[in-house]
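J.:
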Amino acid sequence: MNNPTLKIQIAGVELKNPVMTASGTFGSGKEYSEFVDLNKLGAVIVKGVSSTAWKGNPSPRIAETYGGMLNAVGLQNPGVDVFIKEDIPFLRQYDTKIIVNVSGKTIQEYCEVAEKLSHADVDLVELNISCPNVKEGGITFGTNTAMVEQVVKEVKRYCKQPLIVKLSPNVTDITEIAKAAVSAGADALSLINTLLGMAIDIHKRKPILGNGMGGLSGPAIKPVAVRMVYQVAKAVEVPLIGMGGIMNGEDAIEFILAGATGVAVGTANFTNPTATIDVLQGIENYMQRYGIGDINTIRGNLR
Amino acid sequence: MKHIREADILKNQPIATDLWEMVVEAKDIADTATVGQFVNLYIGKGELLLPRPISICEILKEKNSLRFIYGVVGKGTKELTHKAVGEKIQILGPIGTGFQIKEEIQDHIVIGGGIGTPPLLELVKNLQGNVSVYLGFRSEPILIEEFEQLGAKVYVATDDGSAGIKGTVIHLLQKHTPTAQMIYACGPKAMLAALAQWAAQKEIPIQVSMEERMACGIGACVGCTCKTQKQGEEDWQHLKVCKDGPVFWGNEVIWYE
Ligand SMILES: Cc1cc2nc3c(=O)[nH]c(=O)nc-3n(C[C@H](O)[C@H](O)[C@H](O)COP(=O)(O)OP(=O)(O)OC[C@H]3O[C@@H](n4cnc5c(N)ncnc54)[C@H](O)[C@@H]3O)c2cc1C
Ligand SMILES: Cc1cc2nc3c(=O)[nH]c(=O)nc-3n(C[C@H](O)[C@H](O)[C@H](O)COP(=O)(O)O)c2cc1C
Ligand code: FES
Chain D
1 MNNPTLKIQI AGVELKNPVM TASGTFGSGK EYSEFVDLNK LGAVIVKGVS
51 STAWKGNPSP RIAETYGGML NAVGLQNPGV DVFIKEDIPF LRQYDTKIIV
101 NVSGKTIQEY CEVAEKLSHA DVDLVELNIS CPNVKEGGIT FGTNTAMVEQ
151 VVKEVKRYCK QPLIVKLSPN VTDITEIAKA AVSAGADALS LINTLLGMAI
201 DIHKRKPILG NGMGGLSGPA IKPVAVRMVY QVAKAVEVPL IGMGGIMNGE
251 DAIEFILAGA TGVAVGTANF TNPTATIDVL QGIENYMQRY GIGDINTIRG
301 NLR
Chain A
304 MKHIREADIL KNQPIATDLW EMVVEAKDIA DTATVGQFVN LYIGKGELLL
354 PRPISICEIL KEKNSLRFIY GVVGKGTKEL THKAVGEKIQ ILGPIGTGFQ
404 IKEEIQDHIV IGGGIGTPPL LELVKNLQGN VSVYLGFRSE PILIEEFEQL
454 GAKVYVATDD GSAGIKGTVI HLLQKHTPTA QMIYACGPKA MLAALAQWAA
504 QKEIPIQVSM EERMACGIGA CVGCTCKTQK QGEEDWQHLK VCKDGPVFWG
554 NEVIWYE
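Chains D and A, in that order, give the protein sequences. Residues in the first sequence are numbered from 1 upward in steps of one, following my numbering. Residues in the second sequence are numbered from 304 upward in steps of one, following my numbering.
#1: Three or more beta-carbon pairs under 8 angstroms between the stretch 502 to 511 of chain A and the stretch 519 to 535 of chain A, yes or no?
#2: Closer than 7 angstroms by beta-carbon distance: list the chain D residues that pair up with His300 of chain A, in chain order.
#3: For Leu117 of chain D and Pro444 of chain A, what's the separation of their Cα atoms in angstroms?
#4: Does at least one heavy atom of ligand 1 sit under 7 angstroms from the Cβ of Met517 of chain A?
#5: I believe Gly189 of chain D touches Ala178 of chain D by the beta-carbon criterion, under 8 angstroms. Please report the beta-carbon distance rounded to the nearest angstrom.
#6: Within the 8 angstroms Cβ cut-off, does Gly339 of chain A reach chain D?
#7: Determine the closest residue to Gly56 of chain D out of A:Gly415, A:Gly526, A:Pro397, A:Ala336, with distance taken between C-alpha atoms.
#8: What beta strand (DSSP E) runs, 3 residues minimum, are completely inside the stretch 150 to 235 of chain D?
#9: Examine ligand 3 and report whether any of its heavy atoms sits within less than 7 angstroms of the Cβ of Ala523 of chain A.
#10: Please list, in chain order, the chain D residues whose beta carbon lies closer than 9 angstroms to that of Lys305 of chain A.
#11: Within the present structure, is the beta-carbon of Leu353 of chain A separated from the nearest heavy atom of ligand 2 by less than 7 angstroms?
#12: Should Lys469 of chain A and Leu453 of chain A be called a contact, given that it needs their Cβ atoms to be closer than 8 angstroms?
#13: Please list, in chain order, the chain A residues whose beta carbon lies closer than 8 angstroms to that of Thr276 of chain D.
#14: Using beta-carbon positions only, say whether Ala460 of chain A and His479 of chain A come within less than 8 angstroms of one another.
#15: Is it right to say Met69 of chain D is buried, meaning 16 or more other beta carbons lie within 10 angstroms of its own, or is it exposed?
#16: Determine, using beta carbons only, whether Gly266 of chain D and Val229 of chain D come nearer to each other than 8 angstroms.
#17: Inspect the beta-carbon positions of Val232 of chain D and Phe255 of chain D and report whether they are closer than 8 angstroms.
#18: Under 8 angstroms between C-beta atoms, does Thr267 of chain D make it to chain A?
#19: Mapping the DSSP letters down to three states, classify Gln403 of chain A as helix, strand or coil.
#20: Assuming Val341 of chain A contacts Gly399 of chain A under a Cβ cut-off of 8 angstroms, what Cβ separation, rounded to an integer in Å, is found between them?
#21: Against chain D, which members of the stretch 509 to 533 of chain A pass a CB distance test of less than 9 angstroms?
#22: CB-CB under 8 angstroms to Val36 of chain D, same chain, minus the five flanking residues each way: which ones, in chain order?
#23: For Pro356 of chain A, which residues does DSSP report across the bridge?
#24: So which residues on chain D does Glu560 of chain A lean against when the C-beta distance must stay under 8 angstroms?
#25: Pro162 of chain D to Ala120 of chain D, Cα distance in whole Å?
#26: Tell me the start and end of each unbroken alpha helix (DSSP H) in the stretch 371 to 418 of chain A that is at least 4 residues and wholly inside, in chain order.
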């Protein structure tokens with residue numbers, strides 16, 4: 001078969017293929033660029049950036065669980081100015097799209113970051129209103145429809161790039177939140193962020209994580225993520241970036257069949273530093289096997 | 304491009320209770336590794352997603368191989384014991400910033416606690432001059448003869464008194480009151496904290512090898528932080544154990560919250 005088409009569109013931005021990196025698991029690509037040819041990725045979604053440097057949570061920040069892991073990094077990052085100065089020029093050496101994940105403790109902070117990024121050379125902005133690991137901001141914005149509308153509307157005023165809003169799974173009805181984000185101007189949605197979880201060291205009788213609770217990711221959450229992508233795809237018209245436990249090409253295809261336009265690989269990078277490339281290869285193999293000429297034709301296409 | 308490579312297992316056997324020794328052939332790692340660095344071992348068993356960081360106990364350059372000593376403490380290390388000689392293991396390395404060795408320094412104190420002892424063997428192989436090694440174990444000491452064969456003076460303490468003095472390395476130091484130009488230590492955090500305090504009183508610089516739970520193991524996820532404040536810096540920061548460490552200067556680590 002001739003070269004199948006892997007190209008996708010996210011809010012008017014063309015990606016050469018649907019495979020991206022999940023925010024926070026890939027840094028700004030520097031470390032993984034020693035393992036992966038970044039030119040091969042549809043986009044790099046970088047770690048969360050905030051208006052000023054954040055120091056993050058106390059250690060331990062990581063706990064492995066059955067088929068997954070908990071993290072409570074708490075969005076440690078050097079701030080948007082350092083990011084713009086150091087990481088954008090690095091990523092621009094590669095032929096891939098740059099998606100910047102934005103964090104904030106207040107609406108004003110989100111807007112400050114969006115404003116600074118609007119003058120910077122980035123392709124898309126992803127608004128993280130779903131981080132379970134910070135006390136203020138983060139998830140509190142993403143679990144209430146009125147708050148979602150407010151923060152998305154405000155950020156939209158400053159953001160020159162198309163805006164992706166990242167949804168939290170820690171809600172009763174994710175379609176309500178999705179609709180609120182879209183009605184407030186979200187150009188695309190990404191889902192899911194981590195599920196709030198906890199693990200206890202029974203010998204010390206203490207939580208394993210320094211922060212007590214943390215976000216669950218990895219294959220353990222995949223069925224929840226696929227279900228949520230499926231529901232949201234039916235509820236809104238904007239493109240979706242699906243993520244949550246994608247380990248290989250088959251997993252990615254599952255998300256696309258559920259209705260995702262793009263996919264992001266997170267925890268799998270830790271298990272295998274070349275996971276993104278393996279996922280891409282797996283998608284191509286699937287298309288070959290079933291004679292699919294264009295990846296866009298199978299999106300949401302369940303029999 | 305870097306990649307996880309498969310290494311042939313040349314040896315994998317118990318050497319004490321719940322303590323195993325593994326030797327793998329990995330020429331590229333043996334050629335480039337420095338003292339105090341570690342590797343990621345990828346267990347690759349279904350639900351075990353994260354690599355296990357294990358220190359390099361010896362760099363066997365002439366045999367193109369690496370030696371590790373690991374404690375069997377959980378699922379991953381249990382799985383490691385099932386690997387047979389002739390099988391392969393997925394490995395990435397060398398990783399991290401190890402011990403600094405300064406040629407002009409000729410008097411060294413090396414301190415190990417339990418499973419923190421193995422990486423100190425490669426360190427002692429590379430030190431010039433007088434080396435005293437102070438080791439603390441719960442019950443069964445390991446590697447004593449090997450340190451002695453390298454010409455080091457070795458002092459031992461065990462919690463139950465089954466070898467050496469009964470007590471901890473701190474008791475050993477109080478007993479022998481050694482001095483030196485540099486201290487190197489690896490072991491449990493509480494021990495390292497006490498040693499950093501002791502070294503500060505003695506005004507001897509100390510390098511400590513820290514442990515932290517890791518995810519990526521390559522500096523990307525900021526999962527493995529150590530709270531530090533460098534001399535002359537206004538504020539503390541969270542450095543990465545897998546990249547900036549595992550070895551830090553003892554006086555730069557903030558030991559207590
Ligand atoms: C830089 C570094 C060097 C190390 N060198 C050695 C060595 O030479 N020999 C040795 O026996 N051990 C060493 N350790 C500790 C070793 O990594 C853990 O004992 C091991 O990961 C436990 O895995 P498990 O699956 O058996 O335990 P589990 O408790 O089942 O592991 C669950 C999770 O917790 C992590 N974890 C558990 N204990 C530790 C720990 N103490 N430190 C870091 N992560 C942990 C595991 O990696 C895994 O992700 C080192 C740790 C670090 C950070
Ligand atoms: C260590 C770690 C750090 C993360 N940091 C961020 C972040 O900064 N911003 C964000 O929106 N999501 C963050 N996430 C969530 C991931 O982007 C992703 O939504 C989630 O992990 C599910 O995908 P996965 O199962 O493939 O990892 C982080 C996840 C992990 C494991
Ligand atoms: S384990 Fe990911 S940064 Fe150290």
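Ideal Cβ positions, reconstructed from N, Cα and C, are used throughout, including at glycine.
T.: Taking the coordinates as given:
#1: no
#2: Since the first residue of chain A shown is 304 and the last is 560, residue 300 of chain A is not available in this structure.
#3: For the purposes of this step, residue 117 of chain D is taken as the residue at position 117 of the first sequence. For the purposes of this step, residue 444 of chain A is taken as the residue at position 141 of the second sequence. The alpha-carbon atoms of Leu117 of chain D and Pro444 of chain A are separated by roughly 57 angstroms.
#4: Translated into positions along the second sequence, residue 517 of chain A becomes position 214. Checking the Cβ of Met517 of chain A against ligand 1 gives yes.
#5: By 1-based counting over the first sequence, the position of residue 189 of chain D is 189. By 1-based counting over the first sequence, the position of residue 178 of chain D is 178. Per the sequence presented here, residue 189 of chain D reads as Leu, with Gly not at that position. Confirmed, about 6 angstroms.
#6: Counting from one through the second sequence, the residue named residue 339 of chain A turns up at place 36. No, its Cβ sits nowhere closer than 8 angstroms to a Cβ of chain D.
#7: On the first sequence, residue 56 of chain D is found 56 positions in, with the first residue counted as 1. Closest option to Gly56 of chain D, Cα to Cα, is A:Gly526.
#8: 163 to 166, 188 to 191, 195 to 198, 213 to 217
#9: Translated into the one-based positions of the second sequence, residue 523 of chain A becomes position 220. The answer is yes for Ala523 of chain A.
#10: Taking the second sequence and counting its residues from 1, one reaches residue 305 of chain A at position 2. Simply Glu34, Phe35, Pro273.
#11: By one-based count along the second sequence, residue 353 of chain A stands at place 50. Leu353 of chain A: no, Cβ never under 7 angstroms from ligand 2.
#12: Here the question's residue 469 of chain A lines up with position 166 in the second sequence. Here the question's residue 453 of chain A lines up with position 150 in the second sequence. Against a cut-off of 8 angstroms, the Cβ pair of Leu453 of chain A and Lys469 of chain A comes out as no contact.
#13: Along the first sequence, read from residue 1 onward, the residue named residue 276 of chain D stands at position 276. Correct list: empty, because the minimum Cβ distance to chain A is about 12 angstroms.
#14: Here residue 460 of chain A corresponds to residue number 157 of the second sequence, with the count starting at 1. Here residue 479 of chain A corresponds to residue number 176 of the second sequence, with the count starting at 1. Cβ distance not < 8 angstroms, so Ala460 of chain A and His479 of chain A don't count as in contact.
#15: As a position in the first sequence, residue 69 of chain D is number 69, starting the count at 1. With 16 or more Cβ atoms within 10 Å of its Cβ, Met69 of chain D is classed as buried.
#16: Counted from its first residue, the first sequence places residue 266 of chain D at position 266. Counted from its first residue, the first sequence places residue 229 of chain D at position 229. For Gly266 of chain D and Val229 of chain D, no; Cβs fall outside 8 angstroms.
#17: Start at 1 with the first residue of the first sequence, and residue 232 of chain D comes out as number 232. Start at 1 with the first residue of the first sequence, and residue 255 of chain D comes out as number 255. Cβ distance not < 8 angstroms, so Val232 of chain D and Phe255 of chain D don't count as in contact.
#18: Numbered from its first residue, the first sequence carries residue 267 of chain D at position 267. So yes, Thr267 of chain D belongs to the interface.
#19: Counting from 1 along the second sequence, the entry for residue 403 of chain A is found at position 100. Note: Gln403 of chain A maps to coil in three-state DSSP.
#20: Along the second sequence, one-based indexing puts residue 341 of chain A at 38. Along the second sequence, one-based indexing puts residue 399 of chain A at 96. In the sequence as displayed, the identity of residue 341 of chain A is Phe instead of Val. Indeed, because the Cβ distance is near 6 angstroms, the residues count as touching under 8 angstroms.
#21: Glu515, Arg516, Met517, Ala518, Cys519, Gly520, Ile521, Gly522, Ala523, Cys524, Val525, Gly526, Cys527, Thr528, Cys529, Lys530
#22: Taking the first residue of the first sequence as position 1, residue 36 of chain D is located at position 36. Closer than 8 angstroms at the Cβ level, and outside the excluded window around Val36 of chain D, lie Pro273, Thr274, Thr276, Ile277.
#23: In the second sequence, residue 356 of chain A corresponds to position 53, counting from 1. BP columns for Pro356 of chain A point to A:Asn343.
#24: As a first step, residue 560 of chain A must be located in the second sequence, where it is residue number 257. In chain order: Pro58.
#25: Numbered from 1 along the first sequence, position 162 holds the residue referred to as residue 162 of chain D. Numbered from 1 along the first sequence, position 120 holds the residue referred to as residue 120 of chain D. Each residue's Cα considered, the two are about 13 angstroms apart.
#26: 378 to 384
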